[in-house]
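Asks:
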Amino acid sequence: MESQGTVETINRHTALGLSDGQVIDMYRYMLLARKYDERSLLLQRAGKINFHVSGIGQEAGQVAAAFALDRQNDYFLPYYRDYAFVLSVGMTTRELMLSVFAKAEDPNSGGRQMPGHFGSKRLRIVTGSSPVTTQVPHAVGFALAAKMQKKKFVSFVTFGEGSSNQGDFHEACNFAGVNKLPVIIMCQNNQYAISIPAHRQLGGKISDRALGYGFPGIRVDGNDPLEVYRVVKEARERALAGEGPTLIEAMMYRLSPHSTSDNDLAYRTQEEVDENWKKDGVAGFRNYLINLGLWSDEQERDMIAECNLELKEAIEYADNAPFPKPEDTLLHVYSESKGGA
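In full-length UniProt numbering, the protein residues as written are 1 to 341.
1) Using DSSP's beta-bridge definition, name the partner residues of residue 246.
2) Suppose you measure from the CA of residue 327 to the CA of residue 334; what does that come to, to the nearest Å?
3) Quick one: measure Cβ to Cβ for residue 157 and residue 186, integer angstroms, because I've assumed they're closer than 8 Å.
4) According to DSSP, is residue 84 part of a helix, a strand, or is it coil?
5) Report the CB separation of residue 107 from residue 120 in whole angstroms; it is logged as a contact under 8 Å.
6) Under 8 Å, do residue 62 and residue 76 count as touching if we go by C-beta distance?
7) May I have the straight-line CA-CA distance separating residue 5 from residue 257, to the nearest angstrom?
8) Select from 269, 142, 191 the residue whose C-alpha is nearest the C-alpha of residue 221.
9) Report all residues from its chain with a CB closer than 7 Å to the CB of residue 110; omit the five preceding and five following residues, and keep chain order.
10) Using 10 angstroms around the beta-carbon of residue 277, count the other beta-carbons present and answer buried if the total reaches 16, otherwise exposed.
11) Quickly, what does DSSP pair residue 196 with across the bridge? List them, please.
12) Can you give the Cα-Cα distance for residue 18 and residue 8, rounded to whole angstroms?
13) Tell me whether residue 2 is buried or exposed, calling it buried when 16 or more other Cβ atoms sit within 10 Å of its Cβ.
14) Can you check whether the CB of residue 228 is closer than 8 Å to the CB of residue 250?
15) Should residue 245 go down as buried or exposed, given a rule of 16 or more other Cβ atoms within 10 Å for buried?
16) Taking the alpha-carbon of residue 254 as reference, which of 280, 24, 226, 47 has the nearest alpha-carbon?
17) How is residue 163 classed by DSSP in three states: helix, strand or coil?
18) Where residue 341 and residue 329 are concerned, what is the direct C-alpha to C-alpha distance, given to the nearest angstrom?
19) Using three-state DSSP, classify residue 158 as helix, strand or coil.
20) Should the segment 263 to 271 be regarded as contacting the segment 201 to 209, the criterion being three or more beta carbon pairs within less than 8 Å?
21) Under three-state DSSP, which class holds residue 217?
22) Could you give the C-beta distance for residue 242 and residue 180, rounded to a whole number, given that I count them as a contact under 8 Å?
23) Which residues mark the beginning and the end of the beta strand (DSSP E) in which residue 77 is found?
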């Protein structure tokens, strides 16, 4: 009888300081974000919501980054595909559904902003603006505040590779480098700026640009959550030690269209998309857990059922919640005192 060789999966997470429970939690957030994304697409196609912008394919790196940060003290400036990230730092599916349904209770903007524009004072998620890359100088500003006030926190900001070509990115990086600020600047390079492929946007690696600003730049496989965790954790340690910023280029692939307004097969092939589905970070991390004996098909079914129930309840709540009143149009535009003056 011929012996059949088996590939032994090495436990990588324990060496990084992650427990079995933590990596299972990481997977749950990846799966919940994926199910939220899929359900939002169906809601838009059914005419229940007006618009959805997807983060499918980017969840693994987002969750890993969140787990590498201090979710009780750091400040976060996510971009519009960061559903997995904001869920990992404390936002709920109900809050996200209130946003896509544009309801008055939406904690991000009171139903006034497009989906994916996150904001939560409670969770230190800094309100985002629609012009891309504007969050990067804001993150540098928070890092400057940390240094001036001698506080032990970092700011963490994300954006797509298309945003790396905006002036805001360069100005922010230069200021952060000159002042050695505690900021982690993470580009989620998903290969497309709407319809423009990376090879038509970039003449080299985004991570290499950090050299010109005087701080490290690291390119990492964004589909490998444990490697993303390691890199972000080390960047945070550098920042708190007074060694300044880190630029991280997480390589991934946008598996979905740019948004529900996009026909992605007008500029890329189905074969290309199918090939990248084979590299999906969520599926890869599930296989890692299964091979270590930490996960099973039964647990997978149970967790999918839990996620679907949570989303069902969130959708029902958001669908039945009231819209903003016309007379409240100017709320959240000007600062208001507690007395209402």
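Glycine included, each C-beta is placed from N, C-alpha and C at the ideal position.
Replies: This is what the structure gives:
1) 184
2) 15 Å
3) 7 Å
4) helix
5) 6 Å
6) no
7) Reliability fails at residue 5, whose pLDDT of 43 lies under 50, so the model's placement of it is uncertain and no value is given.
8) 191
9) 104, 324, 331, 332
10) exposed
11) 193
12) 20 Å
13) Confidence in residue 2 is poor, its pLDDT being 41 and thus under 50, which makes the residue's placement unreliable; the coordinate value appears in the next sentence. Exposed is the call here.
14) yes
15) buried
16) 280
17) helix
18) Below a pLDDT of 50, predicted positions are generally treated as unreliable, and residue 341, at 45, falls in that range; no measurement from the model is reported.
19) strand
20) no
21) strand
22) 7 Å
23) 75 to 77
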